[in-house]
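Asks: Residue numbers (mature numbering (1 follows the signal peptide of the UniProt record, and there is no 0)): -19 to -1, 1 to 118. Supplied in structure tokens, the structure appears directly below.
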């Protein structure tokens, strides 16, 4: 029978190998995928927004997409670590106040999509952005 400490060590090793780096954002299109580490997101121009009594700062969503080589005018499915997904249309993606907030506590971040006037579109613990051509109006 394997020793519990060896089983735990093996489980932790597998978990560490399969997990994305903390704060990395996987940006996907139909033809490619690129990982944007939190450090790269922090290098982009930062925007501050306030929702209620909470203050957030991070790059605009459109700037994060451009940094990953995704052109403007796309709809984006935003995916949280818990599997929660929301689709943001191209018009919302292009807004100045829609950001990928950085440096948040574990229950909320480290990354969060913030859409100030549409809290239902906000996604916590964001791990992926899946871009697709904008739907017809």
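The beta-carbon is built from N, C-alpha and C at its ideal position, and this holds for glycine as well.
Could you please give the first and the last residue of the uninterrupted beta strand (DSSP E) stretch that includes residue 74?
Replies: No beta strand (DSSP E) contains residue 74, which is instead part of the alpha helix (DSSP H) from 71 to 74.
Asks: Compute the Euclidean distance between the alpha carbons of residue 23 and residue 40, then round it to the nearest angstrom.
Replies: Answer to the nearest angstrom: the Cα atoms are 7 Å apart.
Asks: Spatial neighbours of residue 112 within its chain, please: C-beta separation below 6 Å, excluding the five flanking residues on both sides.
Replies: 10, 51, 55, 57.
Asks: Where are the alpha helix (DSSP H) runs, 4 residues long or more, that stay fully inside the region 34 to 70, in chain order?
Replies: Qualifying alpha helix (DSSP H) stretches, in chain order: 42 to 48.
Asks: Could you compute how far the alpha carbon of residue 101 sits from the alpha carbon of residue 65?
Replies: Each residue's alpha carbon lies about 12 Å from the other.
Asks: Check the Cβ-Cβ distances between residue 115 and every residue of chain C, and say whether any is below 9 Å.
Replies: The structure shown has no chain C; it contains just one protein chain.
Asks: Since residue 80 sits in a beta bridge, which residues does DSSP pair it with?
Replies: Partner(s): 41, 95.
Asks: Residue 100 by DSSP, collapsed to three states: which one?
Replies: Of the three classes helix, strand and coil, the one that applies to residue 100 here is helix, per DSSP.
Asks: Might you give, ordered along the chain, the residues of its own chain that have their beta carbon closer than 6 Å to the beta carbon of residue 62, omitting 5 neighbours on each side?
Replies: So the list reads 106, 108, once near-sequence residues are dropped.
Asks: Could you give the distance in angstroms between the alpha-carbon of residue 35 and the alpha-carbon of residue 29?
Replies: Computed Cα separation, rounded: 11 Å.
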